[in-house]
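These notes concern the structure reproduced below.
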Amino acid sequence: MSRYRRAPIPGGTYFFTLNTYRRQVLLTQAEALTALHSAHRVVRATRPFRVEAMVVLPDHLHAVWSLPSGDAD
């Protein structure tokens, strides 16, 4: 289980980075991008948040997401 190091601020905006396993160059492959897009749609359908910015690089991605006001989870 992950231990998040962030302040639980309702409506907060968060920057985070996700790395591929062992920094493998996977995110240039069409199948990986399709899976990432599908997972993103599923999460957004169940957990509302706003994507402020996202950059997908070959072995990692950076994102800035904002939670709805009143939501700190």
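Here my numbering runs 223 ahead of the position in the sequence shown, where the first position is 1.
Glycine included, each C-beta is placed from N, C-alpha and C at the ideal position.
Inset, instruction - State yes or no: is the C-beta of TRP288 within less than 8 Å of the C-beta of ARG264? - result: no
Inset, instruction - Leaving out five residues on either side along the sequence, give the residues of the same chain with a beta carbon under 6 Å from the beta carbon of ASP238. - result: Reading off the sequence shown, one finds Phe at residue 238, where the question assumed Asp. Excluding sequence neighbours, PHE238 sits near VAL287.
Inset, instruction - Classify SER289 as helix, strand or coil using the three-state DSSP reduction. - result: strand
Inset, instruction - Note down the Cα distance separating HIS283 from GLU275, rounded to an integer number of angstroms. - result: 17 Å
Legend entry - Of the residues THR251, LEU241, GLN247, ASP294, the one placed nearest PRO271, counting alpha carbons only: ASP294
Legend entry - LEU256, enclosing alpha helix (DSSP H) - first and last residue: 253-269
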